[in-house]
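Chemist: So that we are looking at the same thing, I have put the structure below in structure tokens.
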Amino acid sequence: MAKTASPVLVLAGAEAGDLRALEDYRRAGGYASLEQARKLGSERVIAEIKESGIRGRGGAGFPMGQKASFIPAPEKTAKPIYLVVNADESEPGAFKDREIIERVPHRLIEGMQIAALAIQAEACFIYIRGEYLTGSEIFAAALAEAEAAGLVGIPITVHRGAGAYICGEETALLESLEGKRGQPRSKPPFPALVGLYDSPTLINNVETIATVPKIIELGGAAYAKIGVAGSTGTRLFSLSGNVVRGGNYELPHGTTFRELIEDCGGGISEGRKLKAIIPGGSSTPILGADQIDTPMDYASMEKAGSFIGSASVIVIDDRACMVQLALRLTQFYMNESCGKCTPCREGTRWLEMILRKIEEGRASRAELDLLLDVCDRILGNCLCPLGDSNAMIVASYVRHFRAEFEAHVEKGGCPVAATSSLTGVRSPVDELYRGRVGQEAAL
Ligand SMILES: Cc1cc2nc3c(=O)[nH]c(=O)nc-3n(C[C@H](O)[C@H](O)[C@H](O)COP(=O)(O)O)c2cc1C
Ligand code: SF4
Numbered sequence: 136m137a138k139t140a141s142p143v144l145v146l147a148g149a150e151a152g153d154l155r156a157l158e159d160y161r162r163a164g165g166y167a168s169l170e171q172a173r174k175l176g177s178e179r180v181i182a183e184i185k186e187s188g189i190r191g192r193g194g195a196g197f198p199m200g201q202k203a204s205f206i207p208a209p210e211k212t213a214k215p216i217y218l219v220v221n222a223d224e225s226e227p228g229a230f231k232d233r234e235i236i237e238r239v240p241h242r243l244i245e246g247m248q249i250a251a252l253a254i255q256a257e258a259c260f261i262y263i264r265g266e267y268l269t270g271s272e273i274f275a276a277a278l279a280e281a282e283a284a285g286l287v288g289i290p291i292t293v294h295r296g297a298g299a300y301i302c303g304e305e306t307a308l309l310e311s312l313e314g315k316r317g318q319p320r321s322k323p324p325f326p327a328l329v330g331l332y333d334s335p336t337l338i339n340n341v342e343t344i345a346t347v348p349k350i351i352e353l354g355g356a357a358y359a360k361i362g363v364a365g366s367t368g369t370r371l372f373s374l375s376g377n378v379v380r381g382g383n384y385e386l387p388h389g390t391t392f393r394e395l396i397e398d399c400g401g402g403i404s405e406g407r408k409l410k411a412i413i414p415g416g417s418s419t420p421i422l423g424a425d426q427i428d429t430p431m432d433y434a435s436m437e438k439a440g441s442f443i444g445s446a447s448v449i450v451i452d453d454r455a456c457m458v459q460l461a462l463r464l465t466q467f468y469m470n471e472s473c474g475k476c477t478p479c480r481e482g483t484r485w486l487e488m489i490l491r492k493i494e495e496g497r498a499s500r501a502e503l504d505l506l507l508d509v510c511d512r513i514l515g516n517c518l519c520p521l522g523d524s525n526a527m528i529v530a531s532y533v534r535h536f537r538a539e540f541e542a543h544v545e546k547g548g549c550p551v552a553a554t555s556s557l558t559g560v561r562s563p564v565d566e567l568y569r570g571r572v573g574q575e576a577a578l
């Protein structure tokens, strides 16, 4: 599968000018796709999106055209139809949606109008991560300009989240948008049929929606030629960690980690060696340094034992202690677990306690096995993917770096604590866990 050369699509024009202003965005061809979509009409717009092969950029990678076609026609439902854009972006390592919102807000607004037109929605909502204050202000200003220019036929409501990772999960997001506690709903029914206020709802990620104007501009078939089969189009890769030039890079699917890390990112910082790659945000299983030539597309990533997820690539250099890394991430999942189902609520706590014992040299070999046993008991038994993600990543850290875990047990502590780049990196709520130490004595 050869990858094709790719133009910059989602961020097109943002280097040359300030596309936050409506005038500049229009000068760069903005809102022409919306006009075109109005001429095409709902069915043909959905057909173009289907033909483009675009898969959701939020993590799960579900084909957008297929999801849009699940929405019933207005005459087949007594309820209003809604479009919801997921701008919660709280996955550690992810910062691409922020750049889209802050640099090309009109492209997102245009994409929302086209997608809403496609599903014949009555109203649109955008749920923006609470911490993205600047982004929500930029978006609101762009929206006001677009409204004043008569470009927003289907009303858009901006909603700011209150800072919970779980509110990025689509059904928890809907609960939160409705003013309830952000906890996932059981599925089915899926939001396409029973979504916001029990109405048919299309939920898509910011990047997915911001790509739609380009699909209409190029045509679905031409868009599908970018990238590789099964993983069409470009992707905004968020590159961070021990790399010289971190940032967002828009590249075609099928680009390798090496091209991203070395050509775009300038290689590993401080002349260190690559140890591992977190390939698609913190919830994706880790890859070893020897997998640096893996192409970043859905199929290659699964073959490599992980997922493309939110395309957030975190580079880990040879100083990092993998037990500390697994522990630090597990603290995040434990803290963000909404508590609705037992395997996740209790399981993430068990993982955190065992990992901390290993890191601090208080664990036995049997507890290393217990760690994997807890992973097995979580996997497949949770209401949403949060619990599974924690279990999957911990198992992947042990699989790739078992000798390092064993060394902690045998040496009675962290062999690299004095030099690990992660030593001292603590969760903001770490002090809360420290308060629990007494309760763990029995473990
Ligand atoms: C714990 C959790 C957090 C998530 N966070 C986000 C998020 O911040 N943004 C996002 O677009 N999708 C997130 N998702 C995925 C959404 O549930 C959903 O699949 C996505 O919004 C659908 O849009 P897409 O098809 O365009 O990717 C999350 C899923 C889980 C389980
Ligand atoms: S898996 Fe975790 S976050 Fe998801 S519903 Fe269950 S407790 Fe909540």
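All you need for my numbering is the position in the sequence shown, starting with 1, plus 135.
The C-beta atom is built at its ideal place from N, Cα and C for all residues, glycine as well.
1) DSSP on Ala576, reduced to helix/strand/coil?
2) If distances are taken between C-alpha atoms only, which option among Glu494, Asn470 and Glu495 comes closest to Thr483?
3) Using the rule of at least 16 other Cβ atoms within 10 Å of the residue's Cβ for burial, across every protein chain shown, is Val560 buried or exposed?
4) I'd like to confirm something about Gly188: is its beta-carbon nearer than 7 Å to some heavy atom of ligand 1, or not?
5) Would you report the Cα separation of Gly228 and Glu210, rounded to the nearest angstrom?
6) Sort Gly381, Val448, Leu218 and Arg497 by Cα distance to Ala411 and report the nearest one.
7) Where does the unbroken beta strand (DSSP E) through Pro550 begin, and where does it stop?
8) Would you decide whether Asp523 is buried or exposed? Buried here means 16 or more other CB atoms lie within 10 Å of its CB.
9) Between Glu304, Arg238 and Ala251, which has its C-alpha nearest Ala585's C-alpha?
10) Go ahead and label Leu268 buried or exposed: buried means 16 or more other beta carbons lie within 10 angstroms of its beta carbon, across all protein chains shown.
11) Return the CA-CA distance between Gly303 and Gly406, expressed in angstroms with no decimal places.
12) So, is Ser321 buried or exposed, given that buried needs 16 or more other C-beta atoms within 10 angstroms?
13) Considering just the uninterrupted stretch of the alpha helix (DSSP H) at Asn377, what are its terminal residues?
14) When you compare only the Cα positions, how much space is there between Gly496 and Gly400?
15) Any heavy atom of ligand 1 closer than 7 Å to the Cβ of Ala357?
16) Since Val293 is in the beta strand (DSSP E), which residue starts that stretch and which ends it?
17) Is DSSP giving Phe205 helix, strand or coil here?
18) So within the stretch 317-382, which uninterrupted beta strand (DSSP E) runs reach at least 3 residues, ignoring any that extend past its ends?
19) Can you tell me the Cα-Cα spacing of Tyr468 and Cys517, whole angstroms?
20) Whose C-beta lies closer than 6 Å to the C-beta of Arg370 among residues of the same chain, with five residues either side of it excluded?
21) Could you pull the start and end residues of the beta strand (DSSP E) that Asn516 belongs to?
22) Give, in chain order, every unbroken run of the alpha helix (DSSP H) that is at least 4 residues long and sits entirely within the stretch 452-525.
23) Straight-line CA distance for Ala364 to Ser499?
24) Looking at C-alpha atoms only, which residue of His535, Pro420 and Ala424 is the closest neighbour of Glu397?
25) Can you check DSSP and say which residues form a bridge with Leu409?
26) Here's the rule: buried if 16 or more other CB atoms are within 10 angstroms of the residue's CB, otherwise exposed. What is Tyr332?
27) Just to check, is the beta-carbon of Ser373 closer than 7 Å to a non-hydrogen atom of ligand 1?
28) Within the present structure, is the beta-carbon of Ala510 separated from the nearest heavy atom of ligand 2 by less than 7 Å?
29) Per DSSP, Arg190 is paired with what?
30) Does the beta-carbon distance from Phe392 to Tyr384 come in below 8 Å?
31) To the nearest angstrom, how far is it from the Cα of Val143 to the Cα of Arg454?
32) Thinking C-beta only, is Val544 closer than 8 Å to Ile493?
33) Can you tell me which of Ser472, Glu186, Ser418 and Ala434 puts its alpha carbon nearest to the alpha carbon of Ala461?
34) With three or more C-beta pairs closer than 8 Å as the rule, is the stretch 529-545 touching the stretch 472-479?
35) Under 8 Å: do the stretch 277-287 and the stretch 240-255 share three or more Cβ pairs, one atom per stretch?
36) If we require 3 or more residues per run, which beta strand (DSSP E) segments fall completely within the stretch 253-315?
Modeler: Taking the definition as stated:
1) Here residue 576 corresponds to residue number 441 of the sequence shown, with the count starting at 1. Because Ala576 sits at a pLDDT of 44, beneath the cut-off of 50, its placement in the model cannot be relied upon, and the point is left open.
2) Position 348 of the sequence shown, counted from the start, is the residue given in the question as residue 483. Looking at the Cα atoms, Asn470 is the closest of the given residues.
3) Here the question's residue 560 lines up with position 425 in the sequence shown. Exposed: under 16 other Cβ atoms inside 10 Å.
4) Within the sequence shown, numbered from 1, the residue matching residue 188 stands at position 53. Taken from the Cβ of Gly188, every heavy atom of ligand 1 lies 7 Å or farther away.
5) For this step, residue 228 is matched to residue 93 along the sequence shown. For this step, residue 210 is matched to residue 75 along the sequence shown. Taking the straight line joining both Cα atoms gives about 42 Å.
6) Within the sequence shown, the letter at position 276 stands for residue 411. Among Gly381, Val448, Leu218 and Arg497, the Cα nearest to that of Ala411 belongs to Val448.
7) Looking up residue 550 in the sequence shown gives position 415. Run containing Pro550: none; DSSP gives neither H nor E here.
8) Here residue 523 is taken as the residue at index 388 of the sequence shown, counted from 1. It is buried - the Cβ of Asp523 has at least 16 other Cβ atoms within 10 Å.
9) Past the edges of the chain, shown from 136 to 578, lies residue 585, and the structure says nothing about it.
10) Taking the sequence shown and counting its residues from 1, one reaches residue 268 at position 133. By the 10 Å Cβ count, Leu268 comes out exposed.
11) As a first step, residue 303 is located in the sequence shown; it is residue number 168 there, counting from the start. As a first step, residue 406 is located in the sequence shown; it is residue number 271 there, counting from the start. Near 36 Å, if we compare the C-alpha coordinates of Gly406 and Gly303.
12) Walking along the sequence shown from the start, residue 321 turns up at place 186. So Ser321 ends up on the exposed side.
13) Stepping through the sequence shown from its first residue, residue 377 is reached at position 242. Where Asn377 is concerned, there is no enclosing alpha helix (DSSP H), given that its DSSP letter is neither H nor E.
14) Your numbering for residue 496 matches position 361 in the sequence shown. Your numbering for residue 400 matches position 265 in the sequence shown. Their Cα atoms are separated by approximately 36 Å.
15) Position 222 of the sequence shown, counting from 1, holds the residue named residue 357. Checking every heavy atom of ligand 1 against the Cβ of Ala357, none is found closer than 7 Å.
16) Locating residue 293 in the sequence shown gives position 158, where the first residue counts as 1. That run of the beta strand (DSSP E) goes Ile291 to Arg295.
17) In the sequence shown, the residue the question calls residue 205 occupies position 70. Coil.
18) Listed in chain order, the beta strand (DSSP E) runs fully inside the stretch 317-382 are 336-340 and 369-376, counting runs of at least 3 residues.
19) As a working note, residue 468 is residue 333 in the sequence shown. As a working note, residue 517 is residue 382 in the sequence shown. Tyr468 and Cys517: Cα-Cα distance of roughly 13 Å.
20) Here residue 370 refers to the residue found at position 235 of the sequence shown. Hits under 6 Å: His388 and Ala446.
21) By one-based count along the sequence shown, residue 516 stands at place 381. Note, Asn516: premise wrong, no beta strand (DSSP E); not H, not E.
22) 457-471, 477-494 and 500-513
23) On the sequence shown, residue 364 is found 229 positions in, with the first residue counted as 1. On the sequence shown, residue 499 is found 364 positions in, with the first residue counted as 1. Ala364 and Ser499: Cα-Cα distance of roughly 47 Å.
24) Here the question's residue 397 lines up with position 262 in the sequence shown. Checked all of His535, Pro420 and Ala424; the closest Cα to Glu397 is Ala424.
25) In the sequence shown, residue 409 corresponds to position 274, counting from 1. Leu409 is bridged to Asp452.
26) The residue you call residue 332 lines up with position 197 of the sequence shown. Exposed: under 16 other Cβ atoms inside 10 Å.
27) Counting from 1 along the sequence shown, the entry for residue 373 is found at position 238. No; taking the cut-off as 7 Å, the Cβ of Ser373 has no heavy atom of ligand 1 nearer than that.
28) Numbered from 1 along the sequence shown, position 375 holds the residue referred to as residue 510. Note that residue 510 corresponds to Cys in the displayed sequence, not to Ala. For Cys510, the shortest C-beta to heavy atom distance toward ligand 2 is 7 Å or greater.
29) Within the sequence shown, numbered from 1, the residue matching residue 190 stands at position 55. In the DSSP output, where bridge partners are listed per residue, Arg190 has Pro198.
30) Here residue 392 refers to the residue found at position 257 when the sequence shown is read from its first residue. Here residue 384 refers to the residue found at position 249 when the sequence shown is read from its first residue. Result no, Cβ atoms of Phe392 and Tyr384 do not sit closer than 8 Å.
31) Within the sequence shown, numbered from 1, the residue matching residue 143 stands at position 8. Within the sequence shown, numbered from 1, the residue matching residue 454 stands at position 319. Rounded to the nearest angstrom, the two C-alpha atoms are 35 Å apart.
32) In the sequence shown, the residue the question calls residue 493 occupies position 358. In the sequence shown, the residue the question calls residue 544 occupies position 409. The answer is yes: Cβ separation under 8 Å.
33) Walking along the sequence shown from the start, residue 461 turns up at place 326. The option with the nearest alpha carbon to Ala461 is Ser418.
34) no
35) At 8 Å Cβ cutoff, the stretches touch.
36) 258-263 and 291-295
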